[in-house]
Structure formats: structure tokens, C-alpha cells
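The block underneath contains the structure these notes are about, expressed in C-alpha cells.
Protein chains: 2
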Amino acid sequence: MSDRIRHPAFAALRMSAEQAARHIRHGMTVGMSGFTGAGYPKAVPGALAQHITEVHGRGEPFRIRVLTGASTAPELDGALARVDGIELRVPFQSDPELRSRINAGQLDYMDIHLGQLAEKVRYGFFGKVDIAVVEVTAIREDGSLVPSSSVGNNKTWLDMADAVILEVNRWQPDALDGMHDIFYDTALPPNRTPIPLTHPGERVGEPYLQVPLEKVVAVVETDAPDRNSPFKAPDAASKAIAEHMIDFLRFEVRQGRIPANLLPIQSGVGNIANAFMQGLGESEFAGLTAFTEVIQDGMLELLISGKMDLAAATSFSLSPAGIERFLEHSEMLRKKIILRQQGVSNHPELVRRLGCIALNGMIEADIYGNVNSTHLMGTQMMNGIGGSGDFARNAYLSVFMAPSTAKNGLISTIVPMVSHVDHTEHDVSVIVTDQGLADLRMLSPKQRAKVILEKCVHPSYRDMLADYIDRANSGSYGKHTPHLLPEALSWHERYLVTGSMFRPEANQAQD
Amino acid sequence: MSDRIRHPAFAALRMSAEQAARHIRHGMTVGMSGFTGAGYPKAVPGALAQHITEVHGRGEPFRIRVLTGASTAPELDGALARVDGIELRVPFQSDPELRSRINAGQLDYMDIHLGQLAEKVRYGFFGKVDIAVVEVTAIREDGSLVPSSSVGNNKTWLDMADAVILEVNRWQPDALDGMHDIFYDTALPPNRTPIPLTHPGERVGEPYLQVPLEKVVAVVETDAPDRNSPFKAPDAASKAIAEHMIDFLRFEVRQGRIPANLLPIQSGVGNIANAFMQGLGESEFAGLTAFTEVIQDGMLELLISGKMDLAAATSFSLSPAGIERFLEHSEMLRKKIILRQQGVSNHPELVRRLGCIALNGMIEADIYGNVNSTHLMGTQMMNGIGGSGDFARNAYLSVFMAPSTAKNGLISTIVPMVSHVDHTEHDVSVIVTDQGLADLRMLSPKQRAKVILEKCVHPSYRDMLADYIDRANSGSYGKHTPHLLPEALSWHERYLVTGSMFRPEANQAQD
Numbered sequence: 001m002s003d004r005i006r007h008p009a010f011a012a013l014r015m016s017a018e019q020a021a022r023h024i025r026h027g028m029t030v031g032m033s034g035f036t037g038a039g040y041p042k043a044v045p046g047a048l049a050q051h052i053t054e055v056h057g058r059g060e061p062f063r064i065r066v067l068t069g070a071s072t073a074p075e076l077d078g079a080l081a082r083v084d085g086i087e088l089r090v091p092f093q094s095d096p097e098l099r100s101r102i103n104a105g106q107l108d109y110m111d112i113h114l115g116q117l118a119e120k121v122r123y124g125f126f127g128k129v130d131i132a133v134v135e136v137t138a139i140r141e142d143g144s145l146v147p148s149s150s151v152g153n154n155k156t157w158l159d160m161a162d163a164v165i166l167e168v169n170r171w172q173p174d175a176l177d178g179m180h181d182i183f184y185d186t187a188l189p190p191n192r193t194p195i196p197l198t199h200p201g202e203r204v205g206e207p208y209l210q211v212p213l214e215k216v217v218a219v220v221e222t223d224a225p226d227r228n229s230p231f232k233a234p235d236a237a238s239k240a241i242a243e244h245m246i247d248f249l250r251f252e253v254r255q256g257r258i259p260a261n262l263l264p265i266q267s268g269v270g271n272i273a274n275a276f277m278q279g280l281g282e283s284e285f286a287g288l289t290a291f292t293e294v295i296q297d298g299m300l301e302l303l304i305s306g307k308m309d310l311a312a313a314t315s316f317s318l319s320p321a322g323i324e325r326f327l328e329h330s331e332m333l334r335k336k337i338i339l340r341q342q343g344v345s346n347h348p349e350l351v352r353r354l355g356c357i358a359l360n361g362m363i364e365a366d367i368y369g370n371v372n373s374t375h376l377m378g379t380q381m382m383n384g385i386g387g388s389g390d391f392a393r394n395a396y397l398s399v400f401m402a403p404s405t406a407k408n409g410l411i412s413t414i415v416p417m418v419s420h421v422d423h424t425e426h427d428v429s430v431i432v433t434d435q436g437l438a439d440l441r442m443l444s445p446k447q448r449a450k451v452i453l454e455k456c457v458h459p460s461y462r463d464m465l466a467d468y469i470d471r472a473n474s475g476s477y478g479k480h481t482p483h484l485l486p487e488a489l490s491w492h493e494r495y496l497v498t499g500s501m502f503r504p505e506a507n508q509a510q511d
Numbered sequence: 001m002s003d004r005i006r007h008p009a010f011a012a013l014r015m016s017a018e019q020a021a022r023h024i025r026h027g028m029t030v031g032m033s034g035f036t037g038a039g040y041p042k043a044v045p046g047a048l049a050q051h052i053t054e055v056h057g058r059g060e061p062f063r064i065r066v067l068t069g070a071s072t073a074p075e076l077d078g079a080l081a082r083v084d085g086i087e088l089r090v091p092f093q094s095d096p097e098l099r100s101r102i103n104a105g106q107l108d109y110m111d112i113h114l115g116q117l118a119e120k121v122r123y124g125f126f127g128k129v130d131i132a133v134v135e136v137t138a139i140r141e142d143g144s145l146v147p148s149s150s151v152g153n154n155k156t157w158l159d160m161a162d163a164v165i166l167e168v169n170r171w172q173p174d175a176l177d178g179m180h181d182i183f184y185d186t187a188l189p190p191n192r193t194p195i196p197l198t199h200p201g202e203r204v205g206e207p208y209l210q211v212p213l214e215k216v217v218a219v220v221e222t223d224a225p226d227r228n229s230p231f232k233a234p235d236a237a238s239k240a241i242a243e244h245m246i247d248f249l250r251f252e253v254r255q256g257r258i259p260a261n262l263l264p265i266q267s268g269v270g271n272i273a274n275a276f277m278q279g280l281g282e283s284e285f286a287g288l289t290a291f292t293e294v295i296q297d298g299m300l301e302l303l304i305s306g307k308m309d310l311a312a313a314t315s316f317s318l319s320p321a322g323i324e325r326f327l328e329h330s331e332m333l334r335k336k337i338i339l340r341q342q343g344v345s346n347h348p349e350l351v352r353r354l355g356c357i358a359l360n361g362m363i364e365a366d367i368y369g370n371v372n373s374t375h376l377m378g379t380q381m382m383n384g385i386g387g388s389g390d391f392a393r394n395a396y397l398s399v400f401m402a403p404s405t406a407k408n409g410l411i412s413t414i415v416p417m418v419s420h421v422d423h424t425e426h427d428v429s430v431i432v433t434d435q436g437l438a439d440l441r442m443l444s445p446k447q448r449a450k451v452i453l454e455k456c457v458h459p460s461y462r463d464m465l466a467d468y469i470d471r472a473n474s475g476s477y478g479k480h481t482p483h484l485l486p487e488a489l490s491w492h493e494r495y496l497v498t499g500s501m502f503r504p505e506a507n508q509a510q511d
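Note that the protein sequences, when read in sequence, are chains S and Y.
For the first sequence, full-length UniProt numbering gives the first residue as 1, with consecutive numbering after it.
For the second sequence, full-length UniProt numbering gives the first residue as 1, with consecutive numbering after it.
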């Protein structure tokens, strides 16, 4: 026994990752831990990839269906994709190797709201989960499990899988012990009951995961860091977006529409989210809370500085420097952070009840406020919808943010018609770019087009867009949501042909 | 006092519709009752329209912002639209006169999830509600109000409006008294608590609406029927769709994924919904329940026959024959029907908890399962999203149904890319046409395209669609959700130019 495996029967199941991986066979559906690069298994997937290579070398098939919490890391998604070991991958991913194979059409990827996967597996829509591979921080004396740096769908994988492989990762801080809140009162319809949570900081579950010993087929010890990408200092566009957003929140507070300490914040991952957190840290706002998916560096700093009282999430996603800060303040942070399964962190019931302010990134938005979060040029998958839909649909305010251009100005974030829709006009309150903020609440489509043109579009595309809007307003079949169908996707078409959405003669024609 | 106005102070406020209408002035935001042609005010809107005509005749402006529950009738939406008296109309509408003005770009229409309007008004997003015009069945001795044949947003209009006009409609059956369940425990974030409802038949509120006497400025007596359209016998396509759907439910029950008495049914309005109810009535299913927006003739018959134990909704939408059936069985039906405000009938918390089977109509769907519920050819508003999004996003099963063609075959319901998205690929479990049923659960985009092509598309469009899919699979920029952007909307473009989506040479090219 070790200090991280404190139950003798579990300790007796210790084996190498290679031995453990042999429990996974061709065609299996495998539920793996991992959410935004935290808490994924570090050893078994790589050993499995090695084994798959050997089997393929013998000319035999070996592909599995991989269900996770969200994105993992090269050691999991990358390793298995590289050896062509994945038949189906669900849900959110962000690994370059996996992504390139998805977009080459070499494997099936199914993108689903992160808050819905666990229940749909429990409904039986995916068939049987053959085996779970779940990282934990420790196995306790009573056989209960101290979860890792993400909870994700681990409760469901442990509950539903026929067999379980546990990875016990010594690298995960002891301080995680007691930070989790696993909700076990999860009957399915028609027997489901309310989730009795009325504040992000309430605890409604237990700190530990449970697994029947008889399902555990292997325990693998690891000592490996999460995929912690370095934190980038916010760039000018991110800072501008954050400032527009914080000014807007000030305005809403002055109007009496939100309390002075705001409402629980949900914030996606990335540089804009970090810039927003940094901006909040420098603002007058205090007594903040978060009800979100992921705790990034920026949010951690708000907790450390005392600006934020509490953050509830399903995962960390910290930089190496963020980890240091966490360890430095872990005793204090233990009281301010709650990690829950993603079926609870992203639950529509709770997002609506708590009245979250939902802040998510986007790839593009159109003049009517439809948002594309997933597809480049309508066809190429970037990462996935993640939890943005869980929050956007039910939030008090649903905000989407992005720089006004991408690819050094060759792509406009604001387009006539988005090439793929993940969030409809019905679910988008506010769009923010570095240019400004468009408050779309309670506007008709044509009113939205006006304010988005005025506030959000980059100046180099403004005349082109104004020209489209003008001509659509007069030439459209219906005048409720005016469009010229042959031109609606022409900006994307032009980018695919010429490498730029920009049409030089467009602005000249206006001179 | 009359038997319908049983409180003297309210009786003292009786006046004509013309007098009452003078309380409404140019620029006001007016909250009106009405949902799917039931429970809308019958007299004041017409008198207001008359008054607006006079004011316009003097060369003065007079337009109001009209918020309702959902669709009303010619006496409200039609009358006010005809005199150009509407500046902004929210939410769902279905009046021909109003629709034609919306699509001519003559007034602003804002389409919002029906379950969200009340809370967004309460959040203050719409500004002040100046006056409410609400139909009720009776005013009781204690001043409480017996709601009418729809509840809609009436609680919110009565709570929020500065002034209130009540229409007491003698035509509404006495039997409605006691049928309603108005939930008053509706604090806003951060003080909101769970809605403690775990079965469609539970009562969590009060049977009557409340209004402070001091806000009431007029009481108008009416005796006028709801807009009750005659019931059409299901056509062949509706019957085929209903049969596919009922077979699918049988399959799901056999697989153990839903109980033998199903889960609470949500059903949109229209002939397909009625055909489905009729099909259920002839099936082996029993012990059914409904958690839905609207009770149509078909559902009423299930309640009368005893196949359905209970239906919770926010409104009736009955034919004249349906009304007769209701009156005939009203004592029994009083125990089996609960009408709630639409913020509760359509609440995501409840739809998810109860695990509804959500059945909604659509205009079109694309090969990847995106659904357009609102826009003809992407630009012309039909009615609105209604509650379809409230249910589809959170349902146990989210089903969209339509005949495989429209306009005598000139329009294909299944298209390469929908011209407007109301329900994304993430929110659609099943698509049904008269051709068959496509179970999209847990499929990748390319797998979905295959099954939709195989099951749902009309034979006359099958080759054209197969050809598009083939060429997109090879020629698309990204191969995750393959599309040829210059062609993605070409079927709609062709319809606008030629009057048909069909391309004759397409099928020949395949021969």
C-alpha cells in the first residue's frame, strides 16, 4: 500500500499500464476521465495505443469508441488518434492530431452539449459502456475515491461501466481532497427530483466518488502532470473585449438589472476569458461568484485576491504558474472551490435558477445574432460546442466574444450568415468584439443587424457588410430576416477560393 | 354585479371596450392575454384599432408594443396590424395580416422562446409594461380572477403592468374554475428556488390569478368565442408520420429505454400532432400523461377515452366540436387538466426533470439534423419558434415532424442546408416524415446524413440529395460536416427563381 492507495484490495490490483490496457478490446465503448486537459488518464491510453499498433501490425482491426468529459491531451486523444484507434469520439476535443483526422473524415466525432452526455449514456442511447479509465488523486481507506483535477463524467463512467481501470496520479495535489461535491441523487425520469441547489457554494453531494470493488480490474500508479499550457498575457483585442464587457456590466448594475456583486459568472476557456477575469480583478466589482465549467488562472487570481468568494466548476485548467499559485494558497482555496460532475456544473435547471452571466467565445456571428462556435467555413470542426449551449440557453445574460477578425484580418468574425449555427438568434443576448458591444436583447432581426454593424464589425469589413445589409433589405424574398441567398455564404466561399473574405472593390465601390 | 363579476369594486369599473381602450396610448408597451387562439381579449383590441384609425386620420402617430402569450386571433393581432398600430410584436404569432406586414418589413417582430418571455420582462429587459389587457372567466368575491382558456403570461402582465384592463368573457365555461395552477413562488436570481414539481399532475400553485384592485382601470364584459378552427381529419402524410412515430415508441419501450406508459408527452399544434394523438388512441399505450403547451382535440379525446390520465398545459386550442366535447365531459376533465403559466409549462427545469417526449413540427431539416421551424426560404417569418426550443433542448427525446414535401412537391422538407436554424444538430434526436423515421441519436454528422437520406427524403428528391452528399463528401473543405458552400442553399435559390426546388436534369444525370 502507498499513501495514495489506502485500501488493500485496491492495492492488490496494482499493475502496469501495459497490463491494464489489455482489458480494453476492439469495439469496446470506453468512458475516460478528462476535462480541458485536466484529470485525464496519463498512462493507460498510451499503453493501449502501443498495443493497438501491434494488433494493427498483425493485420487485425482494433478501434474503440471513446467517451470523455471534454478535451484531454496528446497522451490520450493524440496517442489513440495517431494509431487510428478511435472509431467514435464524444464529446468536445481539442487535440491537433485528433482534429485533423476528424476533418479528414477518418473517424466519427459526435458533438454534444457537455451537460447532456452523462444522462444520455444513462438513458441507454449509447448502448453499454464496456470499461472506464478514470484518473483519481487517491483511493481512501474505505475504498472511496478522491477525484482528480476534473470530475467530468467520472461518476457516470464508474456507475455504468462493466469494468473499471483506475489511475492513481501522485502528481495531483493532496489539497484536492474534500474539494469535490458529487451529486448521487440522480434518478432518471419519471423518478427524477429537483437538484436542491440555490447558491453556487451549496454542497448537495459527497466529496468522494464511489466504485464497487468488484468492477475494478486494474489500478495503475502514475506521477504525471496535467496538460498545463502556459498562460499568455492578454493581447490588445482581448483586453478591449474585456473592457467593453465590464463597462456593460457596470451599466446593467446602474440600471438595477443585476446586483452590485453581479450574478454567478460562467466563463469559457481562453485568452479573452482570462483577460475578462483580469479586468474584473482591476475593477470595483467584489463579492463575485462563479458557476462555471472550468477554473482558469484568471479566476484563480480572483479567488486568491478575495474579489471572488467562491467558484463552482467541474474542472481546473491551469498553467504551470497557475498550479504553483494553487499550491501556494491551497488551504484557503479548498474552502472557495467546489468541483462537481459536469451533469451538475452545466445543468440547465441550475444555470437558469442561479441566473448565470454566461461568457463564451465564438468563431463567428452573423448580422442577426446567430453564433457559430464549432465549424471553420461551415465544414471543419474546431473543438466542439462544449458547455456553451448549456449556459447560453438558460443564462440571465448570454454573451459571445471574439476578436473582430481572425487570420490577420483575412477573416471577418461578423459575416452576413454564419456557415454553421450552434447558438440561434433566440439564445444570444450580447455580442462583443474588440470594436464594441452589441446588446441584442429584445431586438428584431433588422434592429440586431443595425447594432452589430455599428458596434462589432471591423472597419475594413464595415462597408462590405453595410452594402450587403442594404441590398438584402431591398432585395430579400422575406423582409423579416433579409438575406440574399446566393450571397449569404459568399464571404466564406471567397475565403476558400482566395484566402481572404475581403473583396477589395467592395470598399472602393462605396467611395 | 353579475354572476361573473362577483366583487363590487370591480363591478364599479365596468365600462365599454371603447372607453377602456382610451387607457392605451401611443408608445405604450401592452401585455395582452392569449395563447394559440385561446383566452385573448375579444373587445378592447378592436376598439383600440378603431381609435388608432381615428388618431392616424388626424395625422398623429399611434403605435404600441404588443406582448402576448403566443398567437391570438384576427380580433387582436389582425385588427391592430391592419391599422398599422403595432410597432413591436413579441412573441409567436400566426395571424395572416400581421404576418404579411412583418414580412413586408413594416413592423418589428421579436421571436423568443415562449418559456423565457415572462422572466425577461421581469428582468427589466423590455422596460416597463404600461398596461395589461387580460381576459378572465370571472372575478371572484375576494377579487381573485378565474383565468380563461389560456394562462400564457397573464400572471406576469398583471404583476408588472402599471394599469390593468380586464375582459370578463361569459362565453368561457364555468368549468374552467379550479383547473388552473398559478405558481407564485417566482423570485428572481439570486433568490430563485426550485420549482417543486416532480409529476405533471402535481399542483404547486393557486387556482386563481391575483391583481391589486388599485391597478385595475377598466372591466369590460364580453361574450365571444375563442378562435376555434374546425378540426381537419388527418391526411395520409400525417397518418404515416404518426405511425412511424408510434412504431418508434414501441421499439423504445421494448428496448427498455422508456416506460410502457411512455414519459410525459409534449405535442405542438396542428394536424400531425392531432394524427399522432389519434394514433395513440388506437394503440395499446395507456396511462399516458402530457406536459405540454397546448391541449388540442386529439389530446382531449385521449383524456376522455381514459388513455391519458392527465394533461398539463398553458392553453387549450380546440375546434368548435372539441369545445362541445369539453363541455360534455367537463366535470371529469376538470380533474385531468391543469393549466399553468407558460413560464412553468415550458420551463427547462421541468422539461428536463420530467423527461418529456417532445414532438414538434418543422418547416425543413437538413442532412445534418439542423431544423428550421420559422423561416420560409430563410427570410420570411411563418409563425415563430413557439415553445419548440423550450422542449427540444431539454427533452428526453426531441422529435421533429413534417411531410417530406410542401407545395405539392415543389419544396423538399429535407434540404442540403437549412436556410435558417432554430434547433441545432445538438438538439434534434429524431426526424420523421411520411417517408420514414431517422433516429439521429449519437450519430456523427456523416452518419446522420446517411440515415436522413435513407429514411426521410421524398423519392423525387432522393437522387438530387444523394448526389449533393456524394460530391460534398469528396469536395468539402472540411470533412466533418461536408458541404459545398456555393450549392448549400441552392435548392432555396432555385425555388425563389423557378418556383420549384426540383432540378429535372438531376435525376436524369443519375440514370
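For glycine and all other residues, C-beta sits at the position ideal for the given N, C-alpha and C.
These figures come from a predicted structure and were not determined experimentally.
Could you tell me which residues DSSP pairs with residue i in its beta bridges?
i, result
"S:N473", "None; S:N473 has no bridge partner."
"S:M381", "S:H375"
"Y:A395", "Paired residues: none, contrary to the question."
"S:E167", "S:E135, S:V220"
"Y:T198", "BP columns for Y:T198 are empty, so no partner."
Name the chain S residues that come within less than 7 Å of residue i, Cβ to Cβ?
i, result
"Y:T379", "S476, Y477, G478, H480, T481, P482, H483"
"Y:R257", "Y123, G124"
Buried or exposed: where does residue i fall if 16 or more other Cβ atoms within 10 Å of its Cβ makes it buried?
i, result
"Y:P196", "exposed"
"S:Q508", "Note that S:Q508 scores 47 on pLDDT, short of 50, meaning its location in the model is unreliable; the coordinates nonetheless yield the value given after this. With fewer than 16 other Cβ atoms within 10 Å, it is exposed."
"S:D162", "exposed"
"S:K128", "exposed"
"Y:Y468", "buried"
"S:Q510", "With a pLDDT of 44 at S:Q510, under the threshold of 50, the predicted position of this residue should be treated as unreliable, though the coordinate-derived value follows. With fewer than 16 other Cβ atoms within 10 Å, it is exposed."
What does residue i reach in chain Y if we use C-beta pairs closer than 7 Å?
i, result
"S:E110", "Looking at the sequence shown, residue 110 of chain S is not Glu but Met. Ordered by position in chain Y, the residues that pass the 7 Å Cβ test against S:M110 are M442, L443, S444."
"S:G59", "Those do not exist, as S:G59 stays about 26 Å from chain Y at its closest Cβ, beyond 7 Å."
"S:N394", "P348"
Using the beta-carbon of each residue, which ones in chain S are nearer than 8 Å to residue i?
i, result
"Y:A79", "Correct list: empty, because the minimum Cβ distance to chain S is about 21 Å."
"Y:P8", "Per Cβ cutoff of 8 Å: no residues; Y:P8 is ~38 Å from chain S at best."
"Y:G105", "K446, N473, K479, H480, P482"
"Y:N153", "What Y:N153 touches in chain S: nothing, since even the nearest Cβ is about 15 Å away."
Anything in chain Y within Cβ reach of residue i, meaning under 8 Å, just list it in chain order.
i, result
"S:D422", "T424, H426"
"S:G69", "Here the premise fails: no neighbours, minimum Cβ distance about 17 Å."
"S:Q447", "D108"
"S:N360", "Correct list: empty, because the minimum Cβ distance to chain Y is about 14 Å."
"S:N370", "V421"
List the residues of chain Y that residue i touches, going by C-beta distances under 9 Å, in chain order.
i, result
"S:E493", "L485, P486"
Residues in the segment 163–196 of chain S having any Cβ partner in chain Y nearer than 9 Å
L188, P189, P190, N191, R192, T193, P194, I195, P196
Complete runs of the beta strand (DSSP E) confined to the segment 9–95 of chain S [at least 3 residues]:
29–32, 64–67, 86–90
Near-chain S residues of the segment 328–356 of chain Y - C-beta to any C-beta below 9 Å
H347, P348, E349, L350, V351, R352, R353, L354, G355, C356
Every unbroken alpha helix (DSSP H) within the segment 419–488 of chain Y, with a cutoff of 4 residues, ordered by chain
445–455, 459–475, 485–488
Go through the segment 296–380 of chain S residue by residue and report every complete run of the alpha helix (DSSP H) that reaches 4 residues or more, in order.
297–305, 320–328, 330–334, 342–345, 348–354
Which runs of the alpha helix (DSSP H) spanning at least 4 residues fall entirely within the segment 229–277 of chain S, listed in chain order?
236–254
Residues in the segment 194–224 of chain Y with C-beta within 9 Å of chain S's C-beta atoms, listed in sequence order?
P194, I195, P196, L197, T198, H199
Of all the residues that make up the segment 127–146 of chain Y, which are near chain S by a beta-carbon distance shorter than 8 Å?
none
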